[in-house]
Each structure stands twice: as C-alpha cells, then as structure tokens.
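S.K.:
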Amino acid sequence: MIVDVNAYLGHFAFRRLRHNTATSLLALMDAKKIDKAVVSSADAITYRNAQAGNEDVAEETKGHRDRLIPFAVVNPFYAGWQDDLKICHEQFGMTGLHLYPKWHNYQLSSPCCRELVDAATERGMIISIPIRVEDNRERSWLLNVPDVPLEEIVELVKAHPKARFILLNGIDYTRCPLGRKNNGLPSNYAIELSRLSAVLANELGQLITNLGAERVMFGTGMPFNYPDPALVKLEVLDTSEPEKEKIRSQNAMAWLRL
Amino acid sequence: MSIFQTISISSEPQPRISRRTLLKGSAALALGTAALPLSHSMAVEQSVAGASSGSPHKDKVIDCHAHLNHRSRATWEADDRKLIEAADKLGIDQLCCSTLTPHWPATLDGFRECNRWTADGMRRFPDRVLGYCYVNPGYGREAMEEIRRYVGDGGFIGIKLYNEYTCTEPVVFPIVELAIELGLPILHHASHSHYFVEDQPRLTDSGHLAELARRYPEAMLICAHISGGGDWEWTIKAARHAPNVLLDTSGSVTDADTVDMAVAVVGVDRVVFGCDSSMTAGVGKIRGADLSAQDKQKILGGNMIRLLRRRKS
C-alpha cells in the first residue's frame, strides 16, 4: 500500500494543473499504484477566503473518502477561522489542515497562529506545513513568497509538544535541529520525502538514521509535481523493506488513524 | 493519447529499476517487489543491454548534464564515486560531465584545472564519464586552445559554458564557430526568472540561445536545466522557433508537465535527458511524462547520441 500525504485538488493561480479533479487524480493514482492521498485545496493557497477552497474539496471528495482524505486550509488571520475550522472538522470530516504562513502573510509565532494550532490539536487534527509551494525562482512577477524558514518550524514544534505536524516540500532538515539525532525536540513531527535526496547526499537516508523511519512519510506533491520522482526515491532508497513499508504507508495510516 | 495508455504496469516481480523499467511507470516497482539485490539486477540488465561496450546505441541512457566534483571539496573522490553509484542504481549508462570552478568568473588556471580533472574522471570511470570542456570565453585564444586540446586526443564530447557571458555577446562567437568546426554541442547554463538575478548578471536564457541559434544555424546548442528553477514555460516557448536549440530536462524542480510541454512545443527530437545532480528528479520526470516509450528513449539517449555522432574529431 502507498499513502501520499501531499496531494492537491483544484487550480493554482500561476500555473495550469492537470489531474486536479477527484476523478483525474484517482486515475493518476491508479496508474501509479498510490492507494490513498491526503488532498487539500490548491485554490485556497491564493484565495483570500480559504474556506471556499475547503468547501470545494469537501464536495469533490464526496464518494471517494476511502481513497481521498481531505485536509483543510486555514488562515488564522482571516475572519471566522474558528467557524471554518469547526465546519471543516465536524461537517466536512477533515482530519487535518494546512498552514501557509508565507502565502497568507503571518508568522508561525503569532498568537493567532498559536491559537489555531492549539484548537486543531484539541480536535486531534494533524497540521501540515508546506515549506514551499513552488520553486521561488519560477515565481510570477506579481509576488515573492519565500520558503518557510526551518528555524520557525523548530520553535513551533517546541511550543506545541502535543500537536502533530507533517512538514511537506522541504529539504535541508539535517542542517538544522529538525533533522538531527538527539535534537531535544518533541517527536511530534514527521517529514515528507518529495524533495529529499535519496542518492548522492541522501538526506532521506540520513533522516531515517537520525530520527527513525517512523518519522518519514511518503508524499508526491501531485498534481503540482510528477508523482514519479517520489516513487523513484522509494525504489532506490537503501533501507530495509519493513522500514520502507513504514514510509510508504504505515506511518501515515497510524497518524491518520486509518 | 492518455497518460495511462503509455504507463505499463506489470504484475510480474521486477528488479527495482533498470533501463527498460526506466521507460515504464514507477508503480509496480515502488511496491517493493524486487526479486534481486540491486547490484545484481543492474549487472543482469547491463549484460542484457550491453551498455558498457559495443552496445546498440538506441538503448543507452545518457545524462546530458552532470558534474564531477571540484577537488577543493574534501570528499570529491567519494562524491564522484557516489555519482557513478547513483547512475548505476538509476540505470544511467553515461554521464556527460564538466567540472566547474567554485567561483565565477572562472580564471584561466581555474578552468584548465577543472578540465584536467574531468579528463582524469574519464580515465577513472571509462565509458561512463564523457567530458565537456569548460571554458570562460573571455580568455579568447587560450579558451580555444583548451577546447582543441581536450577534444582531439582528449576525447571530450562537447563544450560547457556557464554564466561568465550572455551567449549573445560577441566574445562567445568564436567559441560557437569552433564548436561548429569540430562538430561539438555546447551545453549552456541557462534560466529565465521574472526578476533580475543579481549574482548572475550575464545569465543566458533560452531566448538568448534562440538568438544565437539564428546567427549560427549549424550550431548544436543545449539549453541547460529547464527544471532548474526559472519559469520553464517561458523557457520552452522562447526556444520554439530555434530548431538547433535543444532543451535539457535537468534540474531539481519536478513540476508536472515540464517534459510534456517541452515535447509538445519544440518536438521530441529536441529534448534531452539530464539530471544536473538531481538524479531521482531527473529520472522521475521522464517516467512521469505522458509520452510513448519510443519518445522517452529518444529523450533518454537517442537524441544525445545523434548529437555526439556529429563530432568531427
């Protein structure tokens, strides 16, 4: 079984996405033998009112909940986020949410964000943080959105030991405490592999050594990304089959309580 | 054609990765069905494909954009070996390598040293490493002599140009004319962002390369790393009307549709496979592209072989 913790539905403001409906994404997943995927709204990354994107994802995933696991996108600086979180969790059945601090222009250390993390944790929801949406060098002339600095994530996971975080689309974790052994941080975060190297520097292997295979999850970033590079990483990864199985699906299944 | 018509998913256990499976979808392979240890599976595959010597060229997988490590790096030797090991794991037969100076613009001594190391790399990894001669065009006569030295008896296969000059500056023209004389491709560092890249003020983009290609229609120009971080849609579109500009798929960005759009806009014969050290990204993008196996084979090796056959020395 393969579970992808990093997939999307809908449109992105700056580039056409294919395979961005439930039907077409499922067809792509079938072709790649990906069984389940956590999906969230790509539109909500640039919508002012992210909840409209969440409504679309809730609707789009109806009838496919055995394979598509919807996550919300919540902006803690936008009016009514508490209502949105409640609706996403209780009505839409969303078991996690994405934070986009740089796209939505707030600090992870801000009281509003901390309040959202506490509220989500209280509900048992997972908090995913994409370190980036796209490579900054290909950005539109309209905006310049930096990656989320890993140092800010360090402070967040320290401040919320009971929360559960999945870090998406990141690299260079081994250059900061997040990816180091005995780092003194709570074990409340997992790292998704879509941008990690599996050969040459082999950061993926280093993270397994330093944190344990339990802390690494499979993800592709589809349909922003081709899913195949992430699948290739699993193929060439030099680790035991039981550890690969944890990364492929078991860790995500446990976190998602599937 | 639907993407799914070109993805072959076998229910049979397969080696984790190989030249043939490289052309197929990833899925069956990702399920951990490997029947053989990796090194064994690769050895079997090599003997079947005969990739090391006397092989039918059509089956070769050639990374058109690779680098050996500068020897100021303490771990250069081990890192060079890791590059070959990664190529083994991923089913890449040959890597077209340059060695770059750690600082730019490259000095005369700097690029001469790099080319000596590339030549040494070709000796250390025979038939795996193919050498690009890296020069700074600003050194004029010395740069030309360097190319002639390494292409003749040295066996280098092409020229690597970086960001010392925009490719449309006249100082670059003699290098292009020499490349035409010797029948060599030029792999040119390139990117296009919608802002001024301060640390690369003379950065070349595919529009510049298209302009150079119009001036020199006999030249074989490879626009480096369309997935190298700039606006790849712009890069692809700007190269459309320059038939002697090829697009190298390398770079760390794995955005869906890059390879598909490149083929759709410039044609499959003008797209060449590369990694530029982003090895799983490089292979994965070709796997993921919605193309026939024949078209993928052209990108993976056929097109580069066609270029290399034009070498006159």
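From first to last, the protein sequence lines are chains A and B. Start counting the first sequence at 1; every next residue gets the next number (the working numbering). Start counting the second sequence at 1001; every next residue gets the next number (the working numbering). No residue lacks a Cβ here, since even glycine has one placed at the ideal position from N, Cα and C.
#1: CB Cys-112/A to CB Glu-151/A, shorter than 8 Å?
#2: Could you spell out the range, first to last residue, of the alpha helix (DSSP H) harbouring Asn-1115/B?
#3: Which residue wins for smallest C-alpha separation from Asp-1109/B, given the options Asp-1255/B, Leu-1203/B, Leu-1068/B and Ala-1143/B?
#4: When you check each C-beta in the region 210 to 226 of chain A against every C-beta of chain B, which residues fall closer than 8 Å?
#5: State whether the region 1142 to 1161 of chain B contacts the region 1179 to 1191 of chain B, with contact taken as three or more CB pairs (one from each stretch) at a distance under 8 Å.
#6: The beta strand (DSSP E) that contains Cys-88/A, what's its start and end?
#7: Here's the rule I'm using: 16 or more other beta-carbon atoms within 10 Å means buried, otherwise exposed. How should Ser-1072/B be labelled?
#8: Going by the CB atoms, is the gap between Ala-1256/B and Pro-130/A shorter than 8 Å?
#9: In the DSSP output, what is Asp-1248/B paired with across the bridge?
#10: Counting only the same chain and skipping the five closest in sequence on each side, list residues whose C-beta sits under 7 Å from that of Arg-1112/B.
#11: Among the candidates Val-1263/B, Arg-1081/B, Trp-1104/B and Asp-1260/B, whose CA atom is the shortest distance from the CA of Val-1095/B?
#12: Report yes or no: do three or more beta-carbon pairs, one from the region 22 to 36 of chain A and one from the region 79 to 95 of chain A, lie closer than 8 Å?
#13: Under 8 Å by Cβ, that's how I've got Val-1272/B and Cys-1064/B pegged, so tell me the actual separation to the nearest angstrom.
#14: Within the region 1171 to 1236 of chain B, note down every full beta strand (DSSP E) run reaching 3 residues or more, in order along the chain.
#15: For Ile-191/A and Leu-1083/B, I'd like the C-alpha separation in whole angstroms.
#16: Taking Leu-207/A and Val-199/A to be in contact with their CB atoms under 8 Å, please state how far apart those CB atoms are, rounded to whole angstroms.
#17: Between the Cα of Ile-1157/B and those of Ser-1277/B, Asp-1269/B, Cys-1097/B and Ala-1078/B, spot the shortest distance and give me the residue it belongs to.
#18: Kindly list, in the order they appear in chain B, the residues whose Cβ is closer than 9 Å to that of Lys-162/A.
#19: Any C-beta of chain A within less than 7 Å: which residues of the region 1277 to 1294 of chain B qualify?
#20: Please report whether the beta-carbon of Ala-1190/B lies at a distance below 8 Å from any beta-carbon of chain A.
#21: Could you please give the first and the last residue of the uninterrupted alpha helix (DSSP H) stretch that includes Gly-1150/B?
#22: Sort out for me which residues DSSP pairs Ile-126/A with in a bridge.
#23: With 8 Å as the threshold, decide whether the Cβ of Val-236/A is near any Cβ in chain B.
#24: Taking a cut of 8 Å between CB atoms, which residues from the region 1070 to 1093 of chain B lie near chain A?
#25: Mind checking if Trp-1232/B is an interface residue toward chain A, Cβ cutoff 8 Å exclusive?
#26: Decide if Phe-1196/B is buried, meaning its Cβ has at least 16 other Cβ atoms within 10 Å, or exposed.
#27: Where do the ends of the beta strand (DSSP E) carrying Gly-205/A lie?
#28: Short check: CB of Arg-137/A to CB of Gly-170/A, under 8 Å?
#29: Select from the region 1165 to 1196 of chain B all residues with a C-beta closer than 8 Å to any C-beta belonging to chain C, and list them in chain order.
#30: For the candidate residues Gln-82/A, Leu-156/A and Ile-153/A, whose alpha-carbon lies nearest to that of Arg-289/A?
#31: Can you pull the chain B neighbours of Pro-229/A, defined as C-beta to C-beta under 7 Å?
#32: Please go through the same chain and pick out, in chain order, the residues whose beta-carbon is closer than 6 Å to the beta-carbon of Leu-1246/B, but skip the five residues on each side of it.
M.R.: Based on what the coordinates show:
#1: no
#2: 1108 to 1124
#3: Ala-1143/B
#4: Gly-221, Met-222, Pro-223, Phe-224, Asn-225 and Tyr-226
#5: yes
#6: First-last for Cys-88/A: undefined, no H or E at that position.
#7: exposed
#8: no
#9: Val-1272/B
#10: Glu-1146
#11: Residue identity check: residue 1095/B is Leu in the sequence provided, not Val. Taking only the C-alpha atoms, the option nearest Leu-1095/B is Arg-1081/B.
#12: no
#13: 5 Å
#14: 1185 to 1188 and 1220 to 1223
#15: 25 Å
#16: Wrong, their Cβ atoms sit about 14 Å apart, outside the cutoff.
#17: Cys-1097/B
#18: Under the 9 Å cutoff, chain B gives no residues; its nearest Cβ is about 34 Å from Lys-162/A.
#19: Ser-1277, Met-1279, Thr-1280, Ala-1281, Val-1283, Gly-1284, Lys-1285, Arg-1287 and Gly-1288
#20: no
#21: Note that residue 1150/B is Tyr in the sequence shown here, rather than Gly. Segment 1140 to 1151, the alpha helix (DSSP H) holding Tyr-1150/B.
#22: Gly-96/A
#23: yes
#24: Asp-1079, Lys-1082, Leu-1083, Glu-1085, Ala-1086, Lys-1089 and Leu-1090
#25: yes
#26: exposed
#27: No beta strand (DSSP E) holds Gly-205/A; the alpha helix (DSSP H) holding it covers 203 to 211.
#28: no
#29: Looking at the structure shown, chain C is missing, and the protein chains on hand are A and B.
#30: Nothing can be reported for residue 289/A: it is not among the residues displayed for chain A, which extend from 1 to 258.
#31: Thr-1254, Thr-1280, Ala-1281, Gly-1284 and Lys-1285
#32: Ile-1222, Arg-1270 and Val-1272
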